[in-house]
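In my numbering, the protein residues as written are 5 to 266.
Note that the Cβ used here is the ideal one computed from N, Cα and C, for glycine as well.
Reviewing the structure listed below.
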Ligand SMILES: [Zn+2]
Ligand SMILES: [Zn+2]
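Below you can see the structure in the form of structure tokens.
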């Protein structure tokens with residue numbers, strides 16, 4: 005059996021603090037076989053590691069966390085970014101058109117960015133789209149107080165169940181583990197499509213970590229330019245200051261500018 009975490013953010017997400025190499029190093033230390041890099045509306049971090057990943061004995065699924073009009077959606081096995089802000093069904097259609105599949109992250113709560121149960125059930129009425137939406141994340145460290153509710157509500161839904169760290173800091177990698185038959189990204193996909201992935205609950209000590217490093221502390225560190233990184237020569241993840249201008253999302257900036265001009 006293999007272990008995957010398909011919900012991880014790199015510094016290409018405005019609110020995350022780990023470089024791609026930092027993530028690979030940590031994921032390999034934890035013992036994952038497969039991870040997905042899923043930045044907010046950005047796919048650059050998912051392409052960097054293709055060659056690097058084998059050095060860390062990992063396979064990386066290219067993905068992203070798309071902001072749809074209805075809530076967040078993890079797009080996996082995609083080569084491009086669906087436009088943000090489209091309705092859920094349109095976004096799924098684009099992901100399916102690219103040969104990808106999707107998972108609903110941290111769903112069924114009142115938080116902004118979470119898909120509702122009605123939206124997810126609506127997808128079941130669309131023959132083409134239910135083959136694209138394949139999973140529901142039933143453990144997510146960042147929305148942990150809602151997880152029991154998600155597990156109950158999704159018990160009878162015909163989707164694979166996953167656990168995601170939603171890691172925005174490197175040591176959160178390992179708090180979301182999804183077990184699957186096989187070791188490769190292809191086998192992970194097959195398990196997800198068959199609905200047979202096994203989500204692992206996080207452990208007691210993981211819950212403590214969340215409170216030690218809350219959102220405000222993380223954002224402060226990020227604004228100061230601190231990044232957790234593993235260099236090619238050193239075998240540890242260390243935190244250092246980096247120029248993060250290259251991570252700015254050009255497309256988002258451009259859109260903002262156009263809006264101002266209108
Ligand atoms: Zn999210
Ligand atoms: Zn996320």
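Taking only three categories from DSSP, how would you classify residue i?
{"i": "residue 131", "result": "helix"}
{"i": "residue 258", "result": "Residue placement at residue 258 is flagged as unreliable, the pLDDT there being 46, under the threshold of 50; a coordinate-derived value is accordingly withheld."}
{"i": "residue 209", "result": "helix"}
{"i": "residue 247", "result": "coil"}
{"i": "residue 197", "result": "helix"}
{"i": "residue 172", "result": "coil"}
{"i": "residue 266", "result": "Residue placement at residue 266 cannot be trusted, given a pLDDT of 35 that sits under 50; the coordinates are not used to answer."}
{"i": "residue 242", "result": "strand"}
{"i": "residue 19", "result": "coil"}
{"i": "residue 277", "result": "The structure shown has nothing for residue 277, since the chain only spans 5 to 266."}
{"i": "residue 231", "result": "strand"}
{"i": "residue 252", "result": "coil"}
{"i": "residue 108", "result": "strand"}
{"i": "residue 43", "result": "strand"}
{"i": "residue 122", "result": "helix"}
{"i": "residue 115", "result": "coil"}
Please name the residue or residues paired with residue i in a DSSP beta bridge.
{"i": "residue 166", "result": "141"}
{"i": "residue 77", "result": "70"}
{"i": "residue 100", "result": "BP columns for residue 100 are empty, so no partner."}
{"i": "residue 183", "result": "7, 202"}
{"i": "residue 38", "result": "8, 63"}
At the level of alpha carbons, what is the spacing between residue i and residue j?
{"i": "residue 183", "j": "residue 22", "result": "24 Å"}
{"i": "residue 181", "j": "residue 12", "result": "12 Å"}
{"i": "residue 156", "j": "residue 194", "result": "24 Å"}
{"i": "residue 133", "j": "residue 104", "result": "11 Å"}
{"i": "residue 20", "j": "residue 189", "result": "24 Å"}
{"i": "residue 98", "j": "residue 8", "result": "25 Å"}
{"i": "residue 245", "j": "residue 225", "result": "10 Å"}
{"i": "residue 263", "j": "residue 152", "result": "Residue placement at residue 263 cannot be trusted, given a pLDDT of 42 that sits under 50; what the coordinates show is reported in the next sentence. If you take the alpha carbons of residue 263 and residue 152, they lie about 41 Å apart."}
{"i": "residue 18", "j": "residue 222", "result": "11 Å"}
{"i": "residue 198", "j": "residue 185", "result": "11 Å"}
{"i": "residue 16", "j": "residue 56", "result": "17 Å"}
{"i": "residue 131", "j": "residue 165", "result": "20 Å"}
{"i": "residue 6", "j": "residue 61", "result": "13 Å"}
{"i": "residue 87", "j": "residue 201", "result": "29 Å"}
{"i": "residue 174", "j": "residue 32", "result": "12 Å"}
Going by the beta-carbon positions, is the gap between residue i and residue j smaller than 9 Å?
{"i": "residue 68", "j": "residue 46", "result": "yes"}
{"i": "residue 53", "j": "residue 27", "result": "yes"}
{"i": "residue 143", "j": "residue 205", "result": "yes"}
{"i": "residue 170", "j": "residue 145", "result": "yes"}
{"i": "residue 250", "j": "residue 10", "result": "no"}
{"i": "residue 119", "j": "residue 172", "result": "no"}
{"i": "residue 40", "j": "residue 66", "result": "yes"}
{"i": "residue 128", "j": "residue 91", "result": "no"}
{"i": "residue 25", "j": "residue 234", "result": "yes"}
{"i": "residue 110", "j": "residue 71", "result": "no"}
{"i": "residue 78", "j": "residue 42", "result": "yes"}
{"i": "residue 34", "j": "residue 177", "result": "yes"}
{"i": "residue 37", "j": "residue 187", "result": "yes"}
{"i": "residue 211", "j": "residue 139", "result": "no"}
Taking 9 Å as the CB-CB cut-off, is residue i touching chain B?
{"i": "residue 24", "result": "Structure shown: chain B not included; a single protein chain is present."}
* To do: May I have all residues whose beta carbon comes closer than 5 Å to any heavy atom of ligand 2, sorted in chain order?
  => Working through the chain, the matches are 69, 170.
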